[in-house]
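Report on the structure given below.
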Amino acid sequence: MSDSRSALFKSFSKEGIVRREALLEALKERGILEDDPRMKALFKAINGGSPEISEAQFQILSDQAPGLLEQALTDGLAIPDFSTFAKELTDIFDEVNTIRMGKLPTYIPQLERVDPEKFAMSVCTVDGQRFSTGDCDDYFCVQSCSKPMTYCLALEEQGEDVVHSYVGREPSGKTFNELTLNTKGLPHNPMINAGAIMCGALIKKGGDASDRFDYVMEKWKTAAGGQKIGFNNAVYLSERQTADRNFALGYFMREKKAFPPDVELLDVLEFYFQCCSIETTTKSMAIIASTLANGGICPLTGVQVFSPGHVKNCLSLMLSCGMYDFSGEFAFTVGIPAKSGVSGAIMLAIPNVGGIAVWSPLLDELGNSVRGVEFCKRLVSRFKFHTFDSMLGLGDDRIDPRRKR
Ligand code: GLN
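Note that numbering that gives the first Met the number 0 has the sequence shown beginning at 0, numbered continuously upward.
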């Protein structure tokens with residue numbers, strides 16, 4: 000056995016043995032969960048092997064997940080003290096859980112029927128350490144949280160120059176569905192409805208609607224490390240039924256000749272409603288956010304879903320435009336690239352650290368989740384996660400949980 004593995008074994012063993020339960024517990028504490036695709040063979044070997052692991056067996060186990068087991072057990076992952084981090088997140092979650100303010104959105108009947116008490120939070124670091132609490136297995140529709148994905152997919156297919164010849168990158172200063180375009184007659188940015196409709200028009204243009212939908216669902220699944228991604232047909236139908244404003248935006252853009260040639264407006268609008276009706280859990284959304292935080296590589300599979308340059312574009316716009324009319328204030332106080340949706344979801348991508356997803360359906364008057372925003376504020380009051388917290392000489396006693404490099 001290599002010296003480092005031998006030392007690792009010794010540090011975990013008692014009387015020459017590592018107990019299986021202790022090893023599983025140690026991995027869980029460090030955020031390595033049993034459904035981790037990188038650890039499939041390892042968990043199978045642990046669970047199928049002896050409850051008491053000898054040094055020789057430990058060597059064989061280590062070979063099932065080369066590097067990762069050692070990295071995890073030597074606190075070499077993105078957030079080394081992950082159990083304390085998870086405990087802090089749970090404390091914030093419990094504090095915020097007492098808030099009862101906000102309203103359910105009324106403009107889509109299906110969204111009004113959701114249980115307002117629901118609350119979930121999940122985190123996934125860029126090394127795939129995960130933790131969740133609350134209603135984290137409940138599915139909710141992603142609504143505007145689909146916009147960063149739609150934008151990234153348009154960028155991957157068309158490149159930055161083409162995409163931004165059809166959509167701007169300035170905050171609009173208006174509500175997400177405001178009937179307005181910029182001075183060039185284009186949508187202000189990809190994070191509001193007009194911009195997302197436009198980005199959708201740039202994905203698999205001219206292709207079959209069913210193929211395009213399959214393609215997008217597949218990309219969502221890949222970004223989520225293979226987790227199941229759902230689709231809520233009732234929300235989709237309800238969304239389409241009540242979409243006067245989105246139809247108006249579409250026709251307005253068509254009148255201004257904003258779309259690329261040969262675009263079928265109704266197809267593009269349908270596609271936009273479908274994207275809003277994609278369903279996920281906070282567990283999967285945190286993995287997607289982490290893929291963004293990790294430069295486009297899914298931490299659980301190593302698959303490069305988006306190129307780092309496109310992710311950089313996306314995070315820039317999430318930072319400046321991702322939280323509706325609260326975006327400037329959010330960038331100032333929280334300072335983390337984020338996107339919210341009217342279902343009460345917020346996804347946060349902390350570059351090179353990880354992704355966090357929060358879901359609580361009661362919204363403030365700007366359309367952001369009340370508990371979600373409060374969670375984000377408290378997060379940065381405890382951790383140095385604001386984009387500019389890296390500023391040298393910024394003396395305060397908040398925690399920086401990242402691995403020191
Ligand atoms: N489906 C919603 C709409 O188009 C999405 C908006 C949102 O989440 N802000 O109106």
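The beta carbon of each residue, even a glycine, is placed where N, CA and C say it ideally should be.
Keep in mind that this is a model prediction, so the values were computed, not measured.
Out of curiosity, what's the CA-to-CA distance linking glutamate 116 and tryptophan 358?
By one-based count along the sequence shown, residue 116 stands at place 117. By one-based count along the sequence shown, residue 358 stands at place 359. Cα to Cα, the separation comes out at about 10 Å.
Grouping DSSP H, G and I as helix and E and B as strand, with all else coil, what is glycine 473?
Given a span of 0 to 404 for the chain in the structure shown, any question on residue 473 remains unanswerable.
Does the stretch 363–370 come close enough to the stretch 92–102 that 3 or more CB-CB pairs lie under 8 Å?
yes
Report whether the distance from the Cβ of glutamate 269 to the nearest heavy atom of ligand 1 is below 7 Å.
The residue you call residue 269 lines up with position 270 of the sequence shown. Outside the cutoff, so no.
Opposing strand residues paired with leucine 291 [DSSP bridges]
For the purposes of this step, residue 291 is taken as the residue at position 292 of the sequence shown. DSSP lists no partner for leucine 291.
Within the stretch 105–141, note down every full alpha helix (DSSP H) run reaching 4 residues or more, in order along the chain.
108–111
Using the Cα positions of glycine 366 and phenylalanine 212, report the straight-line distance between them to the nearest angstrom.
By 1-based counting over the sequence shown, the position of residue 366 is 367. By 1-based counting over the sequence shown, the position of residue 212 is 213. Distance between the alpha carbons of glycine 366 and phenylalanine 212: 27 Å.
Below 8 Å on the Cβ atoms is my guess for proline 170 versus serine 326; work out the distance and round it to an integer in Å.
As a position in the sequence shown, residue 170 is number 171, starting the count at 1. As a position in the sequence shown, residue 326 is number 327, starting the count at 1. With a Cβ gap of about 6 Å, proline 170 and serine 326 count as contacting.
Please check the pair glycine 354 and alanine 348, which I expect to be a contact at CB under 8 Å, by giving their CB distance rounded to whole angstroms.
Position 355 of the sequence shown, counting from 1, holds the residue named residue 354. Position 349 of the sequence shown, counting from 1, holds the residue named residue 348. Yes, they are in contact, since the Cβ atoms of glycine 354 and alanine 348 sit about 5 Å apart, within 8 Å.
Extent of the continuous alpha helix (DSSP H) to which valine 369 belongs:
Residue numbering aside, residue 369 sits at position 370 when the sequence shown is read from its first letter. Residues 369–381.
Classify threonine 279: buried if its beta carbon has 16 or more other beta carbons within 10 angstroms, exposed otherwise.
Your numbering for residue 279 matches position 280 in the sequence shown. Buried: at least 16 other Cβ atoms inside 10 Å.
Less than 8 Å separating the beta-carbons of phenylalanine 130 and alanine 85?
Locating residue 130 in the sequence shown gives position 131, counting from the first residue. Locating residue 85 in the sequence shown gives position 86, counting from the first residue. A Cβ-Cβ contact shorter than 8 Å links phenylalanine 130 with alanine 85.
Measure the beta-carbon distance from glutamine 142 to alanine 233 and round it to whole angstroms, keeping in mind my assumption that it falls under 8 Å.
Locating residue 142 in the sequence shown gives position 143, where the first residue counts as 1. Locating residue 233 in the sequence shown gives position 234, where the first residue counts as 1. That belief does not hold up - the Cβ atoms of glutamine 142 and alanine 233 are roughly 14 Å apart, past 8 Å.
Measuring CB to CB, does phenylalanine 329 end up less than 8 Å from methionine 322?
Residue 329 sits at position 330 when you count from the first residue of the sequence shown. Residue 322 sits at position 323 when you count from the first residue of the sequence shown. In contact: phenylalanine 329 and methionine 322 (Cβ atoms closer than 8 Å).
Can you give the Cα-Cα distance for leucine 178 and tryptophan 219, rounded to whole angstroms?
Residue numbering aside, residue 178 sits at position 179 when the sequence shown is read from its first letter. Residue numbering aside, residue 219 sits at position 220 when the sequence shown is read from its first letter. For leucine 178 and tryptophan 219, the distance between alpha carbons rounds to 29 Å.
Take the Cβ of glutamate 24 as the centre, count every other Cβ of all protein chains shown within 10 Å, and call the residue buried at 16 or more, exposed below.
For the purposes of this step, residue 24 is taken as residue 25 along the sequence shown, with counting starting at 1. By the beta-carbon neighbour count (other beta carbons within 10 angstroms, threshold 16), glutamate 24 is exposed.
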